[in-house]
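Please read the structure below before turning to the comments.
There are 10 protein chains.
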Amino acid sequence: MKREDLTEKILDIKREKGWSWREITAAIGGHSPVLVTAALLGQMKLTKPQAAEAATLFGLTAAEQRMLNEPPYRGSFQAPPTDPLIYRFYELVMVYGTTWKELIQEEFGDGIMSAIDFDFEMERLPDPNGDRVKLTMSGKFLPYRYYGATGNSPRFGYREE
Amino acid sequence: MKREDLTEKILDIKREKGWSWREITAAIGGHSPVLVTAALLGQMKLTKPQAAEAATLFGLTAAEQRMLNEPPYRGSFQAPPTDPLIYRFYELVMVYGTTWKELIQEEFGDGIMSAIDFDFEMERLPDPNGDRVKLTMSGKFLPYRYYGATGNSPRFGYREE
Amino acid sequence: MKREDLTEKILDIKREKGWSWREITAAIGGHSPVLVTAALLGQMKLTKPQAAEAATLFGLTAAEQRMLNEPPYRGSFQAPPTDPLIYRFYELVMVYGTTWKELIQEEFGDGIMSAIDFDFEMERLPDPNGDRVKLTMSGKFLPYRYYGATGNSPRFGYREE
Amino acid sequence: MKREDLTEKILDIKREKGWSWREITAAIGGHSPVLVTAALLGQMKLTKPQAAEAATLFGLTAAEQRMLNEPPYRGSFQAPPTDPLIYRFYELVMVYGTTWKELIQEEFGDGIMSAIDFDFEMERLPDPNGDRVKLTMSGKFLPYRYYGATGNSPRFGYREE
Amino acid sequence: MKREDLTEKILDIKREKGWSWREITAAIGGHSPVLVTAALLGQMKLTKPQAAEAATLFGLTAAEQRMLNEPPYRGSFQAPPTDPLIYRFYELVMVYGTTWKELIQEEFGDGIMSAIDFDFEMERLPDPNGDRVKLTMSGKFLPYRYYGATGNSPRFGYREE
Amino acid sequence: MKREDLTEKILDIKREKGWSWREITAAIGGHSPVLVTAALLGQMKLTKPQAAEAATLFGLTAAEQRMLNEPPYRGSFQAPPTDPLIYRFYELVMVYGTTWKELIQEEFGDGIMSAIDFDFEMERLPDPNGDRVKLTMSGKFLPYRYYGATGNSPRFGYREE
Amino acid sequence: MKREDLTEKILDIKREKGWSWREITAAIGGHSPVLVTAALLGQMKLTKPQAAEAATLFGLTAAEQRMLNEPPYRGSFQAPPTDPLIYRFYELVMVYGTTWKELIQEEFGDGIMSAIDFDFEMERLPDPNGDRVKLTMSGKFLPYRYYGATGNSPRFGYREE
Amino acid sequence: MKREDLTEKILDIKREKGWSWREITAAIGGHSPVLVTAALLGQMKLTKPQAAEAATLFGLTAAEQRMLNEPPYRGSFQAPPTDPLIYRFYELVMVYGTTWKELIQEEFGDGIMSAIDFDFEMERLPDPNGDRVKLTMSGKFLPYRYYGATGNSPRFGYREE
Amino acid sequence: MKREDLTEKILDIKREKGWSWREITAAIGGHSPVLVTAALLGQMKLTKPQAAEAATLFGLTAAEQRMLNEPPYRGSFQAPPTDPLIYRFYELVMVYGTTWKELIQEEFGDGIMSAIDFDFEMERLPDPNGDRVKLTMSGKFLPYRYYGATGNSPRFGYREE
Amino acid sequence: MKREDLTEKILDIKREKGWSWREITAAIGGHSPVLVTAALLGQMKLTKPQAAEAATLFGLTAAEQRMLNEPPYRGSFQAPPTDPLIYRFYELVMVYGTTWKELIQEEFGDGIMSAIDFDFEMERLPDPNGDRVKLTMSGKFLPYRYYGATGNSPRFGYREE
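Chains as they are written, first to last, in full-length UniProt numbering: chain P, 1 to 161; chain X, 1 to 161; chain Y, 1 to 161; chain D, 1 to 161; chain E, 1 to 161; chain W, 1 to 161; chain L, 1 to 161; chain B, 1 to 161; chain H, 1 to 161; chain U, 1 to 161.
Structure below.
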């Protein structure tokens with residue numbers, strides 16, 4: 001059984017039942033719609049109780065339920081993405097990537113914004129000129145570890161200047 | 001003169017002067033630090049008055065000042081980006097791209113979030129477990145135009161169902 | 001069920017029946033042949049009533065009918081396209097792309113022509129030297145948003161100079 | 001001397017003089033702004049008299065003038081284009097390419113729309129919802145030659161069914 | 001039904017029957033072996049009568065017969081080709097491509113040799129040092145259209161200098 | 001000034017002086033040879049005092065010294081690397097990557113080993129069959145954040161099951 | 001039978017039984033968990049007795065058992081890897097690759113660290129700031145063979161200076 | 001000195017003098033215009049006497065003259081070619097490549113048409129519907145060597161069946 | 001039927017029977033193990049009598065037997081190869097390719113070593129430091145044809161200087 | 001100073017002096033022409049005494065002499081190679097790669113032929129049908145290390161079955 005076959009099965013049932021992702025998320029308690037949708041699309045895992053709820057909702061087998069609890073091999077397309085909605089995000093990275101690097105490192109020092117310890121929220125922002133998609137996200141800043149001559153025991157931890 | 005040569009010159013002066021992007025933005029009035037930084041990195045344009053302020057600040061020639069007012073050929077790297085900070089954003093698109101597509105289209109219908117009519121803000125989010133990079137952005141939702149048999153005069157405008 | 005399997009099924013039926021795209025479009029009311037054909041090829045969606053008409057015409061299942069109403073993952077090939085007819089369009093972008101950028105931005109300012117709020121019409125242009133394919137299209141011009149220091153509330157909207 | 005160096009020189013002079021492409025086209029008589037701009041960007045050639053006018057206008061050397069009359073090695077970027085304005089055209093090919101193939105071949109038979117015997121016009125289309133970029137183009141339809149057993153002397157010319 | 005499945009079926013029958021392409025071409029009247037072979041390999045179409053003859057010869061279904069009459073999505077491999085025989089042709093393009101461009105444009109002006117209005121013949125050239133593969137081909141020269149300020153009505157047609 | 005030009009200058013001086021990386025590291029106090037070497041090759045930054053020491057050692061300008069203190073655009077080659085020594089590491093990722101994923105996630109849950117909060121040590125391991133290169137590294141395990149319905153305020157933190 | 005089908009079957013059984021890789025390794029004696037896991041994922045081979053133990057454990061056919069004893073076609077993904085956990089290793093190669101080359105060659109001379117005569121160990125390193133993934137590996141250093149004028153009989157063996 | 005710099009110099013002189021390739025070929029005796037042009041474009045070599053004639057004609061240095069007599073690193077572009085004239089040849093390989101393979105191997109057995117022992121001629125073919133570019137080429141057929149158990153001394157030479 | 005399916009079937013039978021390639025070659029008389037193995041892996045053809053022997057040995061159908069006598073579409077992987085054994089050969093080409101070009105052309109003139117009229121032998125070379133893989137190969141040198149002004153009848157054959 | 005600039009300088013001097021690689025190798029004692037040529041082309045290093053001899057021969061600076069003694073960043077082109085002579089070797093890997101893997105592993109077990117502990121010889125093989133390029137090479141067989149549960153101290157060394 002491959003994860004994409006499970007994803008296809010879940011999408012088939014969702015289509016047949018006419019469910020929305022928000023309805024599905026409501027039925028699988030505790031996490032953000034982003035996480036639950038990503039897990040059902042094969043990009044995140046569900047916790048054990050969530051996988052059980054999903055199995056009940058979609059009528060999955062025990063093996064399918066366990067698969068939903070496994071971390072998947074992530075990454076949903078070959079870059080660059082051809083779908084216009086997804087491409088726009090990719091374009092933002094290409095256009096603003098160096099800017100984000102400059103500003104984040106000016107504020108926080110040498111490091112990155114984590115894409116793992118990361119959360120994400122999407123809202124509709126009413127606007128007279130046409131409603132807007134509002135995205136709010138935060139990722140923990142992770143400073144590069146600058147370690148001393150004895151590799152595993154950094155002499156003075158992180159003291160970037 | 002190529003835009004990347006102008007960018008290199010600006011970075012050389014910034015380094016020599018020891019200026020930060022926030023100081024530079026303060027000196028070039030009216031726009032977000034994201035926009036001003038992006039323009040000086042060759043990804044956005046400055047307005048005419050801003051280009052004049054930038055020329056004064058950096059001691060640019062008249063031609064360089066005019067170039068800052070031109071829309072550049074955007075896109076700052078070959079994908080995928082090799083720099084870890086920028087790659088994390090790219091990874092978010094690969095991991096969450098299909099999820100964003102599902103949720104945005106469930107909420108708004110068939111269309112995209114504009115990467116053009118788009119704004120972006122970055123803040124530091126203090127956090128006892130380590131400060132976080134908070135990003136807030138919004139883009140206008142653009143519905144796909146579904147037009148009628150006479151191409152240029154859509155029979156009933158947009159009436160997606 | 002995958003969208004490309006549905007496309008293959010529709011093409012099989014079209015071939016078996018000997019229908020043309022124009023006949024099919026006539027049977028699925030209200031939109032341009034370009035849109036209807038694109039939707040049946042898995043690149044656009046049909047509205048709900050159109051999907052119902054298509055289901056009747058092609059004898060589709062309820063799930064297939066619902067799938068025709070979903071925005072597909074768009075993008076029909078890996079670039080560059082190998083088919084000569086499609087390649088010629090791709091070549092036009094490669095040869096004229098920078099020219100279009102210069103002229104559109106000279107006329108409209110910094111921004112893009114939307115590929116979403118976009119319409120397209122194709123006609124035969126009789127010509128004694130050989131008939132021509134005439135294409136007319138228009139896309140809404142979208143100016144880049146230049147926003148102020150407080151990201152989400154642009155200080156003075158769009159006032160490009 | 002490389003063609004891209006000549007292009008860079010011409011853009012430098014245009015920037016210095018503050019000329020628009022339409023002003024430049026007016027000074028170099030006889031062809032569409034699309035063609036003249038493309039030629040000056042290194043994608044088309046100018047005729048001999050036009051090259052002479054361009055040389056006068058830009059103060060070019062005799063060798064530069066001759067180079068403007070040579071067919072260039074065309075193709076202005078590595079695909080896919082990273083600039084958003086140009087990318088939108090590329091996206092149209094990816095999304096609509098198979099549709100155009102179906103509809104053109106249904107109308108004209110097996111063949112292509114020429115990208116060589118091709119013309120192109122751009123206009124501003126005023127629109128209360130925001131002005132639109134209107135593009136009109138036509139290319140000669142070229143049918144595939146179906147030739148007989150004696151390669152160079154096709155038995156019955158083109159008689160596609 | 002996909003075109004490559006039809007190609008595979010035809011090759012299976014050809015193998016089983018022990019037919020050569022020349023025998024097959026003889027049975028499907030009127031076109032060059034190059035064209036008929038290309039059509040059966042899924043790169044060209046057969047005319048309606050030829051498709052009927054092919055259907056009789058190979059025992060195809062009505063739908064398969066109709067598919068042979070459709071222009072296929074052309075392009076038989078991802079470049080560069082790995083098969084040595086095909087690669088040699090590809091290599092000729094890489095080594096001689098710029099030369100052909102120079103000589104054709106010196107002789108004919110700015111334009112291309114059509115790959116659509118094109119014929120091709122292959123012969124064995126006996127040679128005491130080892131027989132040679134002789135290829136003769138011709139393609140119509142297509143001059144670039146240089147059009148005037150009013151896009152669709154070129155001011156003075158093609159008058160390249 | 002580009003970072004790779006600074007790297008080239010440093011390598012020229014190192015060659016001219018006949019210094020080893022270990023000698024250079026000894027002169028630039030406080031960090032592992034891996035970090036110092038990486039910084040001088042343009043992949044990490046030096047702290048301010050280290051950059052000063054490096055400037056003294058190599059006779060750098062003030063601007064060059066400041067550049068050594070900037071986080072560089074990281075990533076030293078286009079993948080896959082052609083140099084055999086570097087390729088062997090790349091090959092290890094290709095051969096063992098899925099294994100590492102399975103074993104790390106079995107031990108730690110869903111997450112990654114950080115490449116940022118990461119240290120690395122290299123030693124010679126004497127061996128009668130030929131000395132070995134011993135590499136010891138550790139990276140902080142970063143669990144995926146599973147957040148609740150209110151994006152920015154995860155309902156129950158990380159409680160993966 | 002393809003190796004990836006065998007891998008999929010083994011993963012299905014592992015999921016169904018709820019076994020961990022460490023439990024599986026314990027049942028297939030003699031090798032490191034890294035090697036056994038890699039073999040079951042289709043990247044290494046098992047020895048004959050191990051393949052027999054694996055066959056008993058998983059209930060494999062005789063042919064599947066023999067396949068586990070064959071060296072596979074190694075390499076588990078197209079680079080760059082999209083999965084974040086695996087990508088971090090790939091990133092380390094991109095960021096540190098040139099550094100490793102400099103330091104290994106400074107210590108050992110011209111050659112490589114073998115990825116074949118290579119071992120690997122993974123441990124959990126408890127850490128109050130969050131546990132760490134500790135990786136220890138060693139590979140035999142292989143010096144480049146510098147051979148004399150008579151290719152196969154090097155005049156003075158390896159005497160690099 | 002790089003070969004492409006020599007090519008650029010030769011093209012500069014050709015442009016300045018207003019020479020055609022046919023005039024240049026006439027001045028450099030003995031070979032086809034295709035060969036001479038290819039050599040001057042850096043894709044073939046000239047013989048020693050030809051290189052001397054070319055040196056006289058173009059006023060080259062002794063070193064440049066010797067470089068023209070060296071076999072160059074061949075291959076004039078990254079595939080696929082973006083120039084339309086060259087692309088058409090590339091397209092022919094993609095569309096007809098498998099056909100040529102079938103027909104050549106049916107006629108000659110298993111082998112290839114040499115791209116080395118190869119000649120090429122280009123003519124204008126007058127045609128009332130528009131003149132055609134006629135290309136005639138022949139390459140020696142090279143059969144695959146099928147050798148016996150003792151590699152270097154094939155048991156029975158080539159006896160393909 | 002596809003060639004790779006036949007290869008898979010042959011490998012399944014080989015595995016089931018426990019045969020080695022040398023045993024298989026012994027049963028299919030007359031050619032080198034390299035050739036016979038390559039043919040059964042789908043990269044070369046067997047002669048008619050060999051295909052008959054292979055069919056008997058493996059119990060193939062008549063169509064499968066005929067397929068073994070057809071020249072396959074060669075090329076067994078997408079470059080670069082990910083398998084370490086095959087990659088090492090690829091690496092040799094990358095590291096030594098330009099050297100081989102220089103030395104072969106210094107010795108033989110402008111041309112290539114044929115990969116078609118080519119033989120190959122592999123032996124074990126006992127060595128106290130570890131046995132070696134010895135490869136001996138020879139390919140016919142093919143000089144580039146330098147032809148005269150009348151393409152097909154070279155004026156003075158090959159007389160390279 | 002970059003290694004490719006040194007290579008270009010050496011080739012310029014070689015051309016000017018009219019030296020052959022064999023003459024150069026004779027002047028730089030002790031190693032095979034393959035090694036010396038590869039080192040001067042920037043793919044291998046020379047030993048210290050050889051670098052001194054090369055410096056005398058070519059009149060190099062002290063820094064250039066030292067650079068010749070450094071292991072270079074190897075890999076001389078982007079794959080696939082476009083030069084026909086080098087491509088033929090690449091093609092051999094693509095066509096025979098899987099065969100070599102099968103036969104080497106059948107003879108030696110699981111492992112690779114080293115491309116590091118490797119030698120290479122080239123000879124002219126006189127042949128009445130045209131002289132042949134004979135290549136003899138040998139590489140040490142390196143078995144995969146199969147190590148035990150305690151990573152660094154393999155329980156029973158290599159005992160592959």
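Even for Gly, the Cβ is constructed at its ideal location relative to N, Cα and C.
Scanning its chain for C-beta atoms nearer than 7 Å, with the 5 sequence neighbours on each side dropped, one finds around E4(W) the residues G42, in chain order.
Along the stretch 34 to 53 of chain E, the positions whose C-beta sits under 8 Å from a C-beta of chain D are V34, L35, M44, K45, T47, K48 and P49, read in chain order. For P126(H), there are no C-beta contacts with chain L under 9 Å, since the nearest C-beta of that chain is about 13 Å from it. Along the UniProt domain "Cyanate lyase C-terminal" (75 to 147) of chain D, going in chain order, the ones with a CB nearer than 7 Å to a CB of chain E are Q105, D110, G111, I112, S114, I116, D117, F118, D119, F120, E121, T136, S138, L142, Y144, R145, Y146 and Y147. For R15(Y), the neighbours in chain E by C-beta distance under 7 Å run, in chain order, A63, R66 and M67. Collapsing the DSSP output to three states places G111(E) in a strand. For L142(E), the enclosing beta strand (DSSP E) begins and ends at R132 to P143.
Contact annotation: E106(D) and R22(Y) have beta-carbon atoms nearer than 9 Å.
Within the same chain, Cβ atoms closer than 6 Å to the Cβ of E53(X) are found at I28, the five residues on either side in sequence being excluded. Under the Cβ distance rule, E8(D) counts among the residues neighbouring chain X, one pair being separated by less than 9 Å.
For the pair S114(W) and V95(L), the CB atoms are not nearer than the 9 Å cut-off. Counting only Cβ-Cβ distances below 9 Å, W21(H) has contacts in chain U at T99, E102, L103 and E106, in chain order. In the DSSP assignment, I28(B) falls outside any alpha helix (DSSP H) and carries neither an H nor an E. Chain W places a beta carbon closer than 9 Å to that of E70(U), counting this residue as a contact.
The criterion of a C-beta distance shorter than 9 Å is satisfied by P71(Y) and D110(X). Rounded to the nearest whole angstrom, the C-alpha separation of E91(W) and P81(L) is 12 Å. When DSSP states are grouped into helix, strand and coil, E70(P) belongs to the coil group. At the C-beta level, G130(P) and L60(X) stay beyond 9 Å of one another. In this structure, DSSP gives D5(Y) a helical state, which the three-state scheme calls helix. Ranking Y144(E), M44(E), Y73(E) and T25(E) by CA distance to the CA of K2(E) puts Y73(E) first. Residue L57(B) holds the alpha-carbon nearest to the alpha-carbon of I10(B) among T47(B), K101(B) and L57(B).
Counting along the chain, no alpha helix (DSSP H) covers A79(B), and no H or E run does either. Residue contact check for G18(H) against chain L: a CB pair falls below 9 Å.
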